[in-house]
Amino acid sequence: MAFHTRALLGACAVAALCAPATAETLTIATVNNGDMIRMQGLTQDFTDKTGHTVEWVTLEENVLRQRVTQDIAAKGGQFDIMTIGMYETPIWGKQDWLVALDDLPDSYDTDDILPAMRGGLSVDGTLYAAPFYGESSMIMYRTDLMEKAGLEMPDAPTWEFVADAARKMTDKDNEIYGICLRGKAGWGENMAFLTATGNSFGTRWFDEDWKPQFDSPQWKETLTFYIDLLNEAGPPGASTNGFNENLSLFQQGKCGMWIDATVAASFVTNPDDSTVADKVGFALAPDTGLGKRGNWLWAWALAIPAGTQKEAAAKEFIEWATSKEYLDLVASKEGWANVPPGTRTSLYENPEYAKIPFAKMTLDSINSADPTNPTVDPVPYIGVQFVAIPEFAGIATQVGQEFSAALAGQQTVDEALAKAQALTAEEMEAAGY
Amino acid sequence: MATQHSRSAARIMMAPAVVLLLGWMLIPLTMTLYFSFKKYLPLRGGDLGWVGFDNYVRFVSSSAFWPSVQTTLIIVGGVLLITVILGVLLAILLDQPLWGQGIVRILVIAPFFVMPTVSALVWKNMFMDPVNGLFAHLWKFFGAQPVEWLSDAPLFSIIMIVSWQWLPFATLILLTAIQSLDSEQLEASEMDGAPPLSRFGYIILPHLSRAITIVVLIQTIFLLAVFAEIFVTTQGSFGTRTLTYLIFQRVLESQNVGLGSAGGVYAIILANIVAIFLMRIVGKNLDS
Amino acid sequence: MARAVTTRRKALNTLIAWSIGLLIFFPILWTILTSFKTEAQAINDPPLFLFFDWTLENYAVVQERSDYMRFLWNSVIIAGGSTVIGILIAVPAAWSMAFVPSKRTKDILLWMLSTKMLPAVGVLYPIYLLFIELGLLDTRVGLTIVLMLINLPIIVWMLYTYFKEIPGEILEAARMDGAALKEEILYILTPMAVPGIASTLLLNIILAWNEAFWTLNLTAAKAAPLTAFIASYSSPEGLFYAKLSAASTMAIAPILILGWFSQKQLVRGLTFGAVK
Numbered sequence: 001m002a003f004h005t006r007a008l009l010g011a012c013a014v015a016a017l018c019a020p021a022t023a024e025t026l027t028i029a030t031v032n033n034g035d036m037i038r039m040q041g042l043t044q045d046f047t048d049k050t051g052h053t054v055e056w057v058t059l060e061e062n063v064l065r066q067r068v069t070q071d072i073a074a075k076g077g078q079f080d081i082m083t084i085g086m087y088e089t090p091i092w093g094k095q096d097w098l099v100a101l102d103d104l105p106d107s108y109d110t111d112d113i114l115p116a117m118r119g120g121l122s123v124d125g126t127l128y129a130a131p132f133y134g135e136s137s138m139i140m141y142r143t144d145l146m147e148k149a150g151l152e153m154p155d156a157p158t159w160e161f162v163a164d165a166a167r168k169m170t171d172k173d174n175e176i177y178g179i180c181l182r183g184k185a186g187w188g189e190n191m192a193f194l195t196a197t198g199n200s201f202g203t204r205w206f207d208e209d210w211k212p213q214f215d216s217p218q219w220k221e222t223l224t225f226y227i228d229l230l231n232e233a234g235p236p237g238a239s240t241n242g243f244n245e246n247l248s249l250f251q252q253g254k255c256g257m258w259i260d261a262t263v264a265a266s267f268v269t270n271p272d273d274s275t276v277a278d279k280v281g282f283a284l285a286p287d288t289g290l291g292k293r294g295n296w297l298w299a300w301a302l303a304i305p306a307g308t309q310k311e312a313a314a315k316e317f318i319e320w321a322t323s324k325e326y327l328d329l330v331a332s333k334e335g336w337a338n339v340p341p342g343t344r345t346s347l348y349e350n351p352e353y354a355k356i357p358f359a360k361m362t363l364d365s366i367n368s369a370d371p372t373n374p375t376v377d378p379v380p381y382i383g384v385q386f387v388a389i390p391e392f393a394g395i396a397t398q399v400g401q402e403f404s405a406a407l408a409g410q411q412t413v414d415e416a417l418a419k420a421q422a423l424t425a426e427e428m429e430a431a432g433y
Numbered sequence: 001m002a003t004q005h006s007r008s009a010a011r012i013m014m015a016p017a018v019v020l021l022l023g024w025m026l027i028p029l030t031m032t033l034y035f036s037f038k039k040y041l042p043l044r045g046g047d048l049g050w051v052g053f054d055n056y057v058r059f060v061s062s063s064a065f066w067p068s069v070q071t072t073l074i075i076v077g078g079v080l081l082i083t084v085i086l087g088v089l090l091a092i093l094l095d096q097p098l099w100g101q102g103i104v105r106i107l108v109i110a111p112f113f114v115m116p117t118v119s120a121l122v123w124k125n126m127f128m129d130p131v132n133g134l135f136a137h138l139w140k141f142f143g144a145q146p147v148e149w150l151s152d153a154p155l156f157s158i159i160m161i162v163s164w165q166w167l168p169f170a171t172l173i174l175l176t177a178i179q180s181l182d183s184e185q186l187e188a189s190e191m192d193g194a195p196p197l198s199r200f201g202y203i204i205l206p207h208l209s210r211a212i213t214i215v216v217l218i219q220t221i222f223l224l225a226v227f228a229e230i231f232v233t234t235q236g237s238f239g240t241r242t243l244t245y246l247i248f249q250r251v252l253e254s255q256n257v258g259l260g261s262a263g264g265v266y267a268i269i270l271a272n273i274v275a276i277f278l279m280r281i282v283g284k285n286l287d288s
Numbered sequence: 001m002a003r004a005v006t007t008r009r010k011a012l013n014t015l016i017a018w019s020i021g022l023l024i025f026f027p028i029l030w031t032i033l034t035s036f037k038t039e040a041q042a043i044n045d046p047p048l049f050l051f052f053d054w055t056l057e058n059y060a061v062v063q064e065r066s067d068y069m070r071f072l073w074n075s076v077i078i079a080g081g082s083t084v085i086g087i088l089i090a091v092p093a094a095w096s097m098a099f100v101p102s103k104r105t106k107d108i109l110l111w112m113l114s115t116k117m118l119p120a121v122g123v124l125y126p127i128y129l130l131f132i133e134l135g136l137l138d139t140r141v142g143l144t145i146v147l148m149l150i151n152l153p154i155i156v157w158m159l160y161t162y163f164k165e166i167p168g169e170i171l172e173a174a175r176m177d178g179a180a181l182k183e184e185i186l187y188i189l190t191p192m193a194v195p196g197i198a199s200t201l202l203l204n205i206i207l208a209w210n211e212a213f214w215t216l217n218l219t220a221a222k223a224a225p226l227t228a229f230i231a232s233y234s235s236p237e238g239l240f241y242a243k244l245s246a247a248s249t250m251a252i253a254p255i256l257i258l259g260w261f262s263q264k265q266l267v268r269g270l271t272f273g274a275v276k
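Chains as they are written, first to last, in this note's numbering: chain A, 1 to 433; chain B, 1 to 288; chain C, 1 to 276.
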């Protein structure tokens, strides 16, 4: 038995020396959203080019995060490539848990990646994950309903305008709700929205001494504004609505406005899925005149866990999936509107792509988000809608549950904020801040 | 009565099961105990040294602890109550002469075959969704305001989903028990003119007590571990965080293995309190 | 006269029982129906029951996106394997508990059940590390072992209660005739125990099939069963009721069909000693 293993290993080593391009089977963990599923459909192109085959582990977002975090923390080595976000990348990169992507070939053109994306996925200038698609958040609104309400959406509206418009567009008898916002608890759901929105109201998670700030008047203002707005102009069950639920509502024509990920633009303008495809306008996320807008910055990116046996093949895959050629491939098969957005400068310079109605607004939104300087007052952390420390996901999900309960009317804004403050302080103390 | 020979044979025959379960209990338990005395944060470099009982103190003193114990007991108790009461009624009904008994039985046991994840997804999206769910349509049809099930009545909704899954199990066991009831005894009491209710109270219910204890015992074991139904529907918001879910948040969402392990030890203690309580009753019933 | 009353009562019983049965079954029926609709029809207001354009499109989409057969095969192997191994280990144990009881038998039995109370999330990390150490992550063998251990107490308990119902006199008669232990088991007990074993087998296949914590957390691509399959459909972008329904139907259909075909066997032994 032992002899056999060694003989096999020997053979492998020799083979590896003789032909470095042995065909490998890569195991890739990914999230079940449209762009990723499209990539799975195109995998054959990668196999044809390199000889490597791919086994997909496609999971719902929450399950995916739980699985990949568990695996990388325990060094399970189950995946050769993981789909992770802008939150995980700097934390894991700093721990040397990811393979640095600093030796990609010139043809890959790393400099072409949008600076905001590249910055968010790097640690000290070294790229640790390659963005597959990038997003910010913006307002998507119904042009017909806006007109009916006698209003005109500016390119860069204020929260005051948005709140007013939402109330005027609401027509609950006909199931038209002025504004749909995330209310479902989770650090990547309602807290992504509320943290980014808070930035425009002057809130922050921590002061420079890492003291939680939920007792500040700004947080109270933000949360009160959000809850009042959704109660008056939001859909029923707002406290359980996440990205997907709101997308579905918007596509059915039940939302007047929706502030959410820029990637949603291609879904709400796709006539196959959306009943309002030709009546959608776009605007920057609102502000309150304090100098910060309420939009976030996020990327789903591909990273290689350190210690994988198949590093070379994994890099080949990442080069393929995040290359300019891949964008062309998708464009040729599914049209430019379905290309994964928000990663490359060259895409936005492409005249074909510029014809897409939401292209410019997406780029402007991405460019107006600054993870290194996200808030009005100074903060010790990086990240617009998150705080890039390992404890954040756990804390923010619990805070999100308190806010969600407040939205559902089960507790007051003050109670929710007091609980948020207490539990954040408790967890930060446990983490040793 | 049994010979020495058969006693030792019996011991050998029991050995594999006992040894395996002992290992399955002791190895994770020891490791959990070990982690529970450590500051163990995988995302902060792993093992950060011994901390004594810090994790235990922190877990209990957290504001989420007692509510989670309460939620656990409400969910377990609620589901047991619903499944046992409806199970008894359903079993009595199915025991009556009726056409197509076999098919009705097939319909009734079907939910037991559905995976918890699937049933939670189906209930959440296709029934309880306040806009597109069937309940919302039904409510609107009668001119009522649709209920926001998962935020307005979250515990009730989860209890309902879980009860739907476990009602078949309770019904089946109770039905088998009713069918074993001596029908002559029932008929005799009917002849004596005993009203249905006292027949139920004096003959059927005592006869079922043993079956009910079994249902309660087996279901409790599974209900204490309810997870998928909460993960899919509310993710622990709106006061639906059970002890199991709280531990999940500590271990997986916060990646605090030490704290979560201490929580695991508490969960084991809670489970055993419930178990001792139950087994007293079951044990008594097993003797009779 | 009496006959007429019975018939009327029977009709009433039938009506009530069928209504309740259909009510309980309705969520499954609705899922199956929705799986044949288009996404737009799935959220139609008012809801469409039977009169829509039946389509198989959702099944095609689901099959194209994930290799259903592989998940199914993993489920079959893991659920079946863990149950069969569990029964092989449990039969001798349950037999000796039932026929050679000692003072501690009941304690052992209750202790076995109590191991099921170990909260899975609490021990995930230790088990995960152990699995890495043993190279069992994402293997069918590893999952089979875990599911076998999880269900072993239930298997032992079910078999024990069933064996106990086998009258002792038969055994004594056989012993008087000079039957050896082996023959006693082979020719007398086994035939009587078969219904109980069959029912135990079925119940545990169902439990193992539907186990969604370990199967999800200890697998990636190679050993992932249907519980992992469904985790990739839980909330994709946009309208997904029809696709979710198709995936759900595919995930539960095999076990539903098995359950229905074998419900007589399942029910016969599903007493846990409740009948006396």
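C-beta: ideal position from N, C-alpha, C; glycine also.
Keep in mind that this is a model prediction, so the values were computed, not measured.
Open item on the list: Check this for me: beta carbons of L93(B) and I16(C), under 9 Å apart or not?
Closed with: In this structure, I16(C) lies closer than 9 Å to L93(B) by Cβ.
Task: The beta strand (DSSP E) enclosing A431(A), as first and last residue numbers - done: Where A431(A) is concerned, there is no enclosing beta strand (DSSP E), although the alpha helix (DSSP H) it sits in stretches over 413-431.
Open item on the list: Measuring alpha carbon to alpha carbon, tell me which residue in L252(B), F35(B), A110(B), L167(B) is nearest L258(C).
Closed with: If we check each option's Cα against that of L258(C), A110(B) comes out closest.
Task: Nearest-angstrom Cα separation, counted from T234(B) out to D370(A) - done: Cα-Cα distance, rounded: 32 Å.
Task: Neighbour list for E61(A) in chain B, Cβ cutoff strictly below 7 Å - done: Within chain B, no residue comes near E61(A); the closest Cβ sits about 12 Å away, beyond 7 Å.
TODO: Let me know the beta strand (DSSP E) ranges lying completely inside the region 351-383 of chain A, each 3 residues or longer, listed in chain order.
DONE: Entirely contained in the region 351-383 of chain A, not one beta strand (DSSP E) run reaches 3 residues.
Open item on the list: Extract the residue ranges of the beta strand (DSSP E) inside the region 228-271 of chain A, only unbroken runs of 3 or more that lie entirely within it.
Closed with: For the region 228-271 of chain A, whole beta strand (DSSP E) runs of length 3 or above, ordered along the chain, are 255-261.
Open item on the list: Once DSSP output is grouped into helix, strand and coil, what is the label at M82(A)?
Closed with: In the structure shown, M82(A) sits in a strand (DSSP, three-state: E or B).
- [ ] Check F142(B) in the structure and name its three-state DSSP category.
- [x] F142(B): coil per DSSP, three-state reduction.
Task: Residue nearest to I389(A) in terms of C-alpha spacing, selected from M86(A), D45(A), Q70(A), T58(A) - done: For I389(A), the nearest C-alpha among the options comes from M86(A).
Task: Outcome for N125(B) when other beta-carbon atoms lying within 10 angstroms are tallied against a minimum of 16 - done: Here N125(B) is buried. Its C-beta has 16 or more other C-beta atoms within 10 Å.
TODO: Find out if the Cβ-Cβ distance for the pair G394(A), R250(B) is shorter than 9 Å.
DONE: Yes, they are a contact pair.
Task: Rounded Cβ spacing between L417(A) and S63(B) (contact assumed at less than 8 Å) - done: L417(A) to S63(B), Cβ: 14 Å. No contact.
Open item on the list: On the DSSP letters alone, give me the boundaries of the alpha helix (DSSP H) that W166(B) sits inside.
Closed with: Looking at the DSSP string, the run of the alpha helix (DSSP H) that includes W166(B) is 154-179.
Open item on the list: Counting only C-beta atoms, is A225(B) closer than 9 Å to chain A at any point?
Closed with: For A225(B), no CB of chain A lies under 9 Å from its own CB, so it is not counted at the interface with that chain.
Open item on the list: For a test of the three-state rule: what should DSSP assign to M191(B), helix, strand or coil?
Closed with: Three-state result, M191(B): helix.
Task: Residue from V226(B), V232(B), G263(B), L270(B) with nearest C-alpha to L80(B) - done: Relative to the Cα of L80(B), the nearest Cα in the group V226(B), V232(B), G263(B), L270(B) belongs to V226(B).
- [ ] Classify N44(C) as buried or exposed, calling it buried when 16 or more other Cβ atoms lie within 10 Å of its own Cβ.
- [x] Of the residues assessed, N44(C) falls on the exposed side of the cut-off, its CB having fewer than 16 other CB atoms within 10 angstroms.
Task: Collapsed DSSP secondary structure at R65(A) in the structure displayed - done: Note: R65(A) maps to helix in three-state DSSP.
Open item on the list: Across the region 170-178 of chain A and the region 340-354 of chain A, are there enough close Cβ pairs to call them in contact, namely three or more that are closer than 8 Å?
Closed with: In short, these stretches do not touch, since the Cβ pair count stays below three.
TODO: With 9 Å as the C-beta to C-beta threshold (strictly closer), list the residues of the region 114-132 of chain C near chain A in chain order.
DONE: From the region 114-132 of chain C, only L124, Y125, Y128, L129, F131, I132 have a Cβ closer than 9 Å to chain A.
- [ ] Check whether the region 20-31 of chain A touches the region 74-86 of chain A, taking contact to mean three or more Cβ pairs, one atom from each stretch, closer than 8 Å.
- [x] Touching, per the Cβ criterion.
Task: N272(B) versus R210(B): straight-line alpha-carbon distance, rounded - done: Rounded to the nearest angstrom, the two C-alpha atoms are 21 Å apart.
Task: Partner residues on chain C for T27(A), Cβ-Cβ distance less than 9 Å - done: Neighbours of T27(A) on chain C, chain order: D138, A220, A221, K222.
Open item on the list: Taking the straight line between their C-alpha atoms, what separation do you get for G178(C) and I12(B)?
Closed with: Distance between the alpha carbons of G178(C) and I12(B): 22 Å.
Task: Paired residues, beta bridge with E283(A) - DSSP - done: Note on residue identity: the sequence assigns Ala, not Glu, to residue 283(A). For A283(A), which the question treats as bridged, DSSP gives the partners I139(A).
Open item on the list: In whole angstroms, give me the CA-to-CA distance for G193(B) and V88(B).
Closed with: Their backbone Cα atoms lie some 23 Å apart in a straight line.
- [ ] Buried or exposed for L98(A), please, with buried defined as at least 16 other CB atoms from any protein chain shown within 10 angstroms of its CB.
- [x] Buried is the label assigned to L98(A), since at least 16 other Cβ atoms lie within 10 Å of its Cβ.
Open item on the list: Strictly by DSSP, which residues pair up with R436(A)?
Closed with: No answer is possible for residue 436(A): it lies beyond the span of chain A, which begins at 1 and ends at 433.
TODO: Would you verify that the beta carbon of T397(A) is, or is not, closer than 9 Å to some beta carbon of chain B?
DONE: For T397(A), the answer is yes, since a Cβ of chain B falls inside 9 Å of its Cβ.
Open item on the list: Whole angstroms are fine: how far does the CA of L208(B) sit from the CA of K116(C)?
Closed with: Rounded to whole angstroms, the separation of the alpha carbons of L208(B) and K116(C) is 25 Å.
Task: Chain-ordered neighbours of T58(A) on chain C, where CB pairs are closer than 8 Å - done: Within 8 Å Cβ-Cβ: R65, S66, S232.
- [ ] Figure out for me which residue from S199(C), L118(C), K10(C), E39(C) has the closest Cα to the Cα of T83(C).
- [x] Comparing Cα-Cα distances from T83(C) to each of S199(C), L118(C), K10(C), E39(C), the minimum goes to S199(C).
TODO: Grab me the residues of G258(B)'s own chain with a C-beta within less than 6 Å of its C-beta, minus the 5 sequence neighbours each way, in chain order.
DONE: The answer, listed in chain order, is F35, K38, K39, Y40, N55.
- [ ] Check the Cβ-Cβ distances between F231(B) and every residue of chain A, and say whether any is below 9 Å.
- [x] Interface with chain A (9 Å Cβ-Cβ cutoff): F231(B) is included.
Open item on the list: Measuring only the C-alpha atoms, how far is I75(B) from S114(C)?
Closed with: Whole-angstrom Cα-Cα distance: 20 Å.
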